[in-house]
Each structure stands twice: as structure tokens, then as C-alpha cells.
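Protein chains in written order, with the working numbering: chain L, 1 to 159; chain R, 160 to 318; chain E, 319 to 477; chain U, 478 to 636; chain W, 637 to 795; chain G, 796 to 954. For every residue, glycine included, the Cβ atom is placed at its ideal position computed from N, Cα and C. Model, not experiment: these values are computed from the prediction.
Protein chains: 6
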Amino acid sequence: MRIAVCPGSFDPVTYGHLDIVRRGAKIFDKVIIAVLTNDKKQPLFTKEERLALLREVTADISNVEVDAFDGLLIDYMRKRQAKVLLKGLRAVSDFEYEMQMASINRKLDEEVETLFMMTNNQYSYLSSSIVKEVAKYKGPVHDLVPPQVEQALRDKLAR
Amino acid sequence: MRIAVCPGSFDPVTYGHLDIVRRGAKIFDKVIIAVLTNDKKQPLFTKEERLALLREVTADISNVEVDAFDGLLIDYMRKRQAKVLLKGLRAVSDFEYEMQMASINRKLDEEVETLFMMTNNQYSYLSSSIVKEVAKYKGPVHDLVPPQVEQALRDKLAR
Amino acid sequence: MRIAVCPGSFDPVTYGHLDIVRRGAKIFDKVIIAVLTNDKKQPLFTKEERLALLREVTADISNVEVDAFDGLLIDYMRKRQAKVLLKGLRAVSDFEYEMQMASINRKLDEEVETLFMMTNNQYSYLSSSIVKEVAKYKGPVHDLVPPQVEQALRDKLAR
Amino acid sequence: MRIAVCPGSFDPVTYGHLDIVRRGAKIFDKVIIAVLTNDKKQPLFTKEERLALLREVTADISNVEVDAFDGLLIDYMRKRQAKVLLKGLRAVSDFEYEMQMASINRKLDEEVETLFMMTNNQYSYLSSSIVKEVAKYKGPVHDLVPPQVEQALRDKLAR
Amino acid sequence: MRIAVCPGSFDPVTYGHLDIVRRGAKIFDKVIIAVLTNDKKQPLFTKEERLALLREVTADISNVEVDAFDGLLIDYMRKRQAKVLLKGLRAVSDFEYEMQMASINRKLDEEVETLFMMTNNQYSYLSSSIVKEVAKYKGPVHDLVPPQVEQALRDKLAR
Amino acid sequence: MRIAVCPGSFDPVTYGHLDIVRRGAKIFDKVIIAVLTNDKKQPLFTKEERLALLREVTADISNVEVDAFDGLLIDYMRKRQAKVLLKGLRAVSDFEYEMQMASINRKLDEEVETLFMMTNNQYSYLSSSIVKEVAKYKGPVHDLVPPQVEQALRDKLAR
Numbered sequence: 001m002r003i004a005v006c007p008g009s010f011d012p013v014t015y016g017h018l019d020i021v022r023r024g025a026k027i028f029d030k031v032i033i034a035v036l037t038n039d040k041k042q043p044l045f046t047k048e049e050r051l052a053l054l055r056e057v058t059a060d061i062s063n064v065e066v067d068a069f070d071g072l073l074i075d076y077m078r079k080r081q082a083k084v085l086l087k088g089l090r091a092v093s094d095f096e097y098e099m100q101m102a103s104i105n106r107k108l109d110e111e112v113e114t115l116f117m118m119t120n121n122q123y124s125y126l127s128s129s130i131v132k133e134v135a136k137y138k139g140p141v142h143d144l145v146p147p148q149v150e151q152a153l154r155d156k157l158a159r
Numbered sequence: 160m161r162i163a164v165c166p167g168s169f170d171p172v173t174y175g176h177l178d179i180v181r182r183g184a185k186i187f188d189k190v191i192i193a194v195l196t197n198d199k200k201q202p203l204f205t206k207e208e209r210l211a212l213l214r215e216v217t218a219d220i221s222n223v224e225v226d227a228f229d230g231l232l233i234d235y236m237r238k239r240q241a242k243v244l245l246k247g248l249r250a251v252s253d254f255e256y257e258m259q260m261a262s263i264n265r266k267l268d269e270e271v272e273t274l275f276m277m278t279n280n281q282y283s284y285l286s287s288s289i290v291k292e293v294a295k296y297k298g299p300v301h302d303l304v305p306p307q308v309e310q311a312l313r314d315k316l317a318r
Numbered sequence: 319m320r321i322a323v324c325p326g327s328f329d330p331v332t333y334g335h336l337d338i339v340r341r342g343a344k345i346f347d348k349v350i351i352a353v354l355t356n357d358k359k360q361p362l363f364t365k366e367e368r369l370a371l372l373r374e375v376t377a378d379i380s381n382v383e384v385d386a387f388d389g390l391l392i393d394y395m396r397k398r399q400a401k402v403l404l405k406g407l408r409a410v411s412d413f414e415y416e417m418q419m420a421s422i423n424r425k426l427d428e429e430v431e432t433l434f435m436m437t438n439n440q441y442s443y444l445s446s447s448i449v450k451e452v453a454k455y456k457g458p459v460h461d462l463v464p465p466q467v468e469q470a471l472r473d474k475l476a477r
Numbered sequence: 478m479r480i481a482v483c484p485g486s487f488d489p490v491t492y493g494h495l496d497i498v499r500r501g502a503k504i505f506d507k508v509i510i511a512v513l514t515n516d517k518k519q520p521l522f523t524k525e526e527r528l529a530l531l532r533e534v535t536a537d538i539s540n541v542e543v544d545a546f547d548g549l550l551i552d553y554m555r556k557r558q559a560k561v562l563l564k565g566l567r568a569v570s571d572f573e574y575e576m577q578m579a580s581i582n583r584k585l586d587e588e589v590e591t592l593f594m595m596t597n598n599q600y601s602y603l604s605s606s607i608v609k610e611v612a613k614y615k616g617p618v619h620d621l622v623p624p625q626v627e628q629a630l631r632d633k634l635a636r
Numbered sequence: 637m638r639i640a641v642c643p644g645s646f647d648p649v650t651y652g653h654l655d656i657v658r659r660g661a662k663i664f665d666k667v668i669i670a671v672l673t674n675d676k677k678q679p680l681f682t683k684e685e686r687l688a689l690l691r692e693v694t695a696d697i698s699n700v701e702v703d704a705f706d707g708l709l710i711d712y713m714r715k716r717q718a719k720v721l722l723k724g725l726r727a728v729s730d731f732e733y734e735m736q737m738a739s740i741n742r743k744l745d746e747e748v749e750t751l752f753m754m755t756n757n758q759y760s761y762l763s764s765s766i767v768k769e770v771a772k773y774k775g776p777v778h779d780l781v782p783p784q785v786e787q788a789l790r791d792k793l794a795r
Numbered sequence: 796m797r798i799a800v801c802p803g804s805f806d807p808v809t810y811g812h813l814d815i816v817r818r819g820a821k822i823f824d825k826v827i828i829a830v831l832t833n834d835k836k837q838p839l840f841t842k843e844e845r846l847a848l849l850r851e852v853t854a855d856i857s858n859v860e861v862d863a864f865d866g867l868l869i870d871y872m873r874k875r876q877a878k879v880l881l882k883g884l885r886a887v888s889d890f891e892y893e894m895q896m897a898s899i900n901r902k903l904d905e906e907v908e909t910l911f912m913m914t915n916n917q918y919s920y921l922s923s924s925i926v927k928e929v930a931k932y933k934g935p936v937h938d939l940v941p942p943q944v945e946q947a948l949r950d951k952l953a954r
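What follows is the structure in C-alpha cells.
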């Protein structure tokens, strides 16, 4: 079975993330969305909230699993017997950072292969940070995130 | 009337910013310098100091207005009936970030158009951060900022 | 009157070009599409064909003019009393080349200002070369160029 | 069966190409190396020579097939029932071009997905052009291409 | 005597840094490794620890000196009568930042020249941050840093 | 003696080239300007004309030598006992190409080190191609090339 891991903070998940996951799920037997929980930045949504939102918005894709991890990604992949790391690329700045990460990961484990997909043009500007920025000032986010995430942002920021 | 908005932190204004404003003022009927006041970073100069310095150094350009805003830039532009967002581009890294911002702004309001000007070569290395770094260690900044800003930096950093 | 010039080979005009022209025509009093006729590369369409196609596909925009030029662009702009050069930016590689051209043009005439617009995301991959490549192998181009251009490509390549 | 296509000119095949093919062959059921034969540039090696060299140097990888194609890549992939286009990325300039190609290919056929692998650091400088340039002046190419290709270059350039 | 200065945080020194220093020491009469001590970021290793590690790992290169500085680099260089600033370049993002810094340094002192070396391909992904990240989760760092640094990381992170 | 080689086509030499040579001549004992004569592109100026112009415009720098070479640069450097290859960097696109060339040259000869200088901001847009393009249409080139080159361009293009 070919398992691909899509790691990230998903704080919150956007239509850009979903596009990569959906396309990945057509190519691999299973896609594991792995939520990084030891990120230095203070997230807007808790680990549990992020996992719940991801599960809701991917409920219709049968071969997607949502999980959390901390520590080295490469150790998590070994544990899950996944050989493919699947990442979306939006821009040149993504590209250089991801190139560094792919190199270090290959150094740590030769068996792990990083594969990149170009983000769909219509989401190339999209990031979780931009979504939070727009939502904070009550701008419209319905084209950027699924309805459940839109609602969660509204609830979270109303407090 | 064609109104262009130049948004930024201007902490403090440099000759690089002034160059863009001056060139923009030749093309548009009015240029509004819009000082972003909800920036996460703690500024060196207060909102009032930044506005005062900007007004002083643009006093000789009749069609420039200095203003402050917070919230979404797109909301500010609607309020001011401005259709053009005018930005300076210095480098590839600027370019990608600005491309993202221009895309999200078009998504939020189709009527707003972002126009970019290349920063004059002689200011391509210049940023407010570099000015503050040089000033902090008493390096010369007279080629980087107008005299009023040079004095303000000296006063601020002497404290 | 504020006149903007959009220079290019337009061999042939694509939806990407049209998007820039249309958006420019909302900001400036007049947009002149200036077809470069001294290009070194052998074009697929003659100068006359390119001008005719451009005129057809911009017929509904009242403040657009289609013209041809050869020699230095800066001389053409002086002759037409245009102060603004309007260019679309798609990618980092565009950016660097255009930055060089904007610098040399400012060196040749300080009065001419180059303004850049980001190409709409949905056309960011689009170029005249790609259109010709796809058409050559009878791939579908109806999403890439207006119907008149699609027909012209078919006629031209059938010969 | 998951089939990936690796298209290119392979004029001649280098260790950089082989690295991508070998890593791809671990992830996909079959990798088809598709030699583009309608390239505008005059190749150094004929189509037959390029196919023969590729077959020799991939003889030890059981799930690799070597083939030639002309026309639109997307048509070739449909014919071969391949859904994955596998490309190596070396540098930012590769990245932008490949991003354009991936976009146009998705436009032409939504079912085809382009996946990118980062070229191994030790081959990041390597291209068929550089190999031919070095070989032309009798520089050493044994670290750049397999022995069969080295010999073929020597024979070809001795004429 | 031609003196080159290699400035940086060296928190901690990696094989990437050592590669640049070693190659620089072949070209210049003396290379001074200048540890920046007024960095805003909280370092993992104290100034004294960083200096000690650098001295240990460069002990075999006779014309290398290890020193600390704070304030403007340009002032430090004048004090040390060094005319050359030697920097490693790994990626496009490095390149743009370093281009800015080289420009501002030339502005501050025309006599100082910044020279860049490309980082060896095998270290192009390597940074002190990545080393600390890997070490924090007990990943292997022996290919990334000298043995003394590996031991120091283990001691520091065990606490 | 530390010898640096500045290779290029110099068709013709510009103020940008001269800036790099002049700055290099302050750092190294000797700078050899090495005119590449086996370039595929048909040059505007003959090898002899390019050498003569370079000699004229560098006549005031005592430690500069002008020479021609063909074949592999690395072989030329061995013959001249030069260990340093000195290149100017203008932009990201230069950077990637030069990074490739520096890697291949290190592969061919570990003793040769490539050092890069950032082109002065005021010449960052300047290239021999742009100079020829401007001169061809009788645009002013006196800010771009020395007077001797300006005259040579006028003579050459008048024919």
C-alpha cells in the first residue's frame, strides 16, 4: 500500500490544502493529513479543533486519515510506514524552503521521498495566515475555506 | 478623480518610500499615504510621529495626503473611493508577497487594482528596518532618509 | 489625458493580454496596444494580421487603440505623448527582465513611468508561445484565446 | 497500475535524469521515459541513439520502459493510460517553467497530475547541455554520465 | 595582508560554515570568523560557547582567527583593517538579503567589498536552525556538524 | 601572486563590467579579463576589436591584463595559474546560472574557486545586449559605456 503524508499546521485548513489532499488521494492508496502540534507559533485553533475541522471537511474522501504528530516528521513516517511526503508548492519562496526540507529529510532517511504538487492557480495566494487576517477584520472568507471553517473562525474571533 | 493609496508602516519613511510617492503623484490625481496602525510589530515611532514625519517630508507635493488606517485595506479604500493601490517593488521576495496580497485584494474587491512601480535602483537595498539598524549603532543615515527623519531617529535613539 | 502604452508582440493576442488591457482601460484615459514589429523572432502572424486580430478582440473597449511601432519604445511613447508603460507580470522570471527594461527606459527618459499589474491567477501560465504549441498539435485553445484568434490559428496552421 | 511518465530530450541522459527515474521507479508501478522527438533544437544524438542509451542505462530497473513520442504530451499520456507526469526540479528557473507547464497540462486534461521531485543536491548543477559543453572540449564527464554515455559522447565528438 | 571577515551567529557552527571558512583561508592571508553577539534572537549557545566551539573546529587552519563583535559590522572591519567581507550563498532567498546587505555596507564604507562563495552542493540545505531542530528531537546530526558540536548539542539539550 | 580571471564575451564592454574589474583589481594582485572567443552567438565586434576596446578602457589600471581564450575555462585558468574566477551578479537569474557554472567548475577542478561580487546598483540593469539594442536605434549610450565604446558602436552600426 502506498501511503502519502501531508504534514502542516492547518490553522485552519483552507481550500488550498484541500485541493492538494484531494488530488493526492487519487494517486496514492492512502493520504494521512499529519497535524504538526509542536509548532513554535501559538495557533489560533487548538490541536483538537484543527483535527476535528480536518475530519469534517475530508469526510467524503474515503482514503484520507487525519492524525497529529510531534517530533521529527521522519520518525512519524517510519511509524506509519509511509514512504511519500506530499507537499503543495505555491511560489518560489515555498520552493526554496521545501527544497531544504526535502534535502534534510532525505539525509535523515533515504527511503522517504518528497513529492510536490503545484497548487491550483486559483489558490496560489491562499494561506492560513491570510485567512486569519481577513477573518479578523470581518472580511469575507467563503471563497477561501469550507463553510465549517468559516463558522469556526467566526465563533473563535467573536470571543 | 483618480486616487492611489500607498499603504505601509513607514517606521520611519525613507527616501525609497518618497521616491515611489513622488513618482505616483505625477500619474494620479491624488496619492494617499496610508499608515497601517494595527501592525503586530512594535513600531519605533508612534502613529502620531510617523504621520507628522510623513506630512513634513511630503509638504512640497500638493496632491499627497497622509492618513492612518486600521482594519482591512480594502475597506479603507472603499471609504476613500480609491481604486488604485500603488506599491514599490524592490526584489523577488517583495514580488511574491505582493503578488499574494494583490490576488487576495482582488478577491475581496474586484474594483481595486494594484499597480507596482520598480523602486529606483539607488534605493533598492533600502528598508525602514535597515535604517533603524544603522541608526542604532550611530552609522550615517543621511543618504537613506530626509533630514527631519535623521533628526527624529537621533532623538528617539538617544533616550 | 493619461495615456498608457501596452507594448508586445501579440503573436497572437491571448486572454492574458486582454485581461491586462481591460483592467488598464479602467484606470487610464486611453490604452494604446503597441505591436512591436522589429522583433528578431519570425512571427507566426504578420504585422497586419496581429493588428487586425487585436482590433477585433478589443472592439468593445472604447478607449483602446491598436497601433504598430518599431525602433525604441521610448521614442514611440514621446511621439504619442504617453507617460505610462503598462505591463503584466506573471512570474519571477518576467519580473527580473521587466525590472531591467523599466530601469533602462527610465535612464533613457525620466518622464516615462513603468507600471506593472499582476496577471490574473487563471492566466498566469499563459503565453503566446504556449498557445501556438498547443494549437500546432491540435490541442484545445478555446480557454486561452478569443474565438477569432482560435479561428485564425486554425486557418494559419492548416496551410 | 500506477504509471508515471518522465518526459525529456535526454540528449544525452545524465546521472541527474537517472536519479529521478530510479527514485520514481520505487514509488510507481511503472515509469515510462518518454523521449520528445519533435524538439525544435537540433539534437546531438539521433532519436534512435537516445533511446538505445536510455535502454542500456536503465536495463537493471525492471519497471522502467523507454519510449519516444511527438505531439502533445497529454495525448501521449492518454494513449499510455498514465495519470502521473514525473519531473525533477533543480532550481527556481526550472520551477517557474514547470509550474507553467503543469498548469497548461491540467487545463488540457484535468486527470493528469504533475508530481515534482527535487534533484539530488550532488546533481543540481547538471544538465545535458553542460555535459555536451564539457565533452566538446575534452573535459572529464565520468562523474556526470554513465560509462556508455561517456563512450557515446567520445565517439560522436571524434567525428 | 589581505584579511577577510566571515560574520555570523554560528549558533552552532555547521559543516556548511566550515566549508566556506576553509575555502576562504586558501584565498586570503587571514580569515576572521566574527561572531555577532547583538543578535535579537535568543541563542542556544552563549557567546563564549560559540567562540570555544569555533576555535576547536578551526584549530587546524593556521590563518583563521575567531573573534566576537557587536555594533555595525563596517566599524568592526575598519578596526580590524579588513577590506573583504566573505559570505556563503545557498539559495535565492539568501541572495536577495545578502545583496541588500552588500549594498548598504558599500554605502556605509566604499572600501569594503563583499565577496560571495557558493555553498558546496552537499551543504546547500544546511543551517544552524535545521541542526537545532533535528538535535532537539534526537535525530542524527553527525553529517551536519563536527563531533565537538554534536557533543555540545547533546549536552545542551539534555539539560 | 593571487590572480583572478574575469571571463565573458564583452561584446562590447560596459560600465558594469568595468566596475567589477576595477573593484577586483583592488583585492587581487592581478585581474585577467578573459574574452571568450568560441561563443555560439555571432558577436557584433570581432575578437580583435573586443580586445582592443578592453585594453583601451582598462589602460589606467596597472594590474589588469586583457587576453582571449577558447576551450574550457578551467583549462585556461590552469595555464594562467589562476585560482580565482571573479564574476558579477546582477539578478536572481544570473545567480542560478552562475551557481550551476561554479558547481561544474569545482567538479572539474577543486582548486578553482568562484567568487561573486554584486554589481553596483546603478548598473544592475545593464548588459551588452541592452547597449547594442539602444545603440541600434540611435538611443543615447554615454551613461552605459565608455566614450571609446560609444564611438566604436556608432562606427560599427553606421555601416
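Short Cβ contact (8 Å threshold) for residue i with residue j
i, j, result
"residue 188/R", "residue 222/R", "yes"
"residue 83/L", "residue 113/L", "yes"
"residue 371/E", "residue 330/E", "yes"
"residue 294/R", "residue 208/R", "no"
"residue 902/G", "residue 893/G", "no"
"residue 32/L", "residue 80/L", "yes"
"residue 595/U", "residue 4/L", "no"
"residue 736/W", "residue 296/R", "no"
"residue 884/G", "residue 911/G", "yes"
"residue 674/W", "residue 706/W", "yes"
"residue 562/U", "residue 543/U", "no"
"residue 598/U", "residue 758/W", "yes"
"residue 810/G", "residue 941/G", "yes"
For residue i, the three-state DSSP class (helix, strand or coil)
i, result
"residue 139/L", "coil"
"residue 603/U", "coil"
"residue 7/L", "strand"
"residue 831/G", "strand"
"residue 290/R", "helix"
"residue 944/G", "helix"
"residue 637/W", "coil"
"residue 589/U", "coil"
"residue 190/R", "strand"
For residue j and residue i, believed in contact at Cβ under 8 Å, the rounded distance
i, j, result
"residue 842/G", "residue 830/G", "7 Å"
"residue 78/L", "residue 109/L", "7 Å"
"residue 9/L", "residue 128/L", "7 Å"
Are there three or more Cβ pairs, one per stretch, closer than 8 Å when the segment 93 to 110 of chain L is compared with the segment 180 to 187 of chain R? No, the segment 93 to 110 of chain L does not touch the segment 180 to 187 of chain R.
Ignoring anything shorter than 4 residues or poking outside the segment 217 to 248 of chain R, list the alpha helix (DSSP H) runs there in chain order. Counting whole runs of 4 or more residues, the segment 217 to 248 of chain R contains the alpha helix (DSSP H) stretches 232 to 239.
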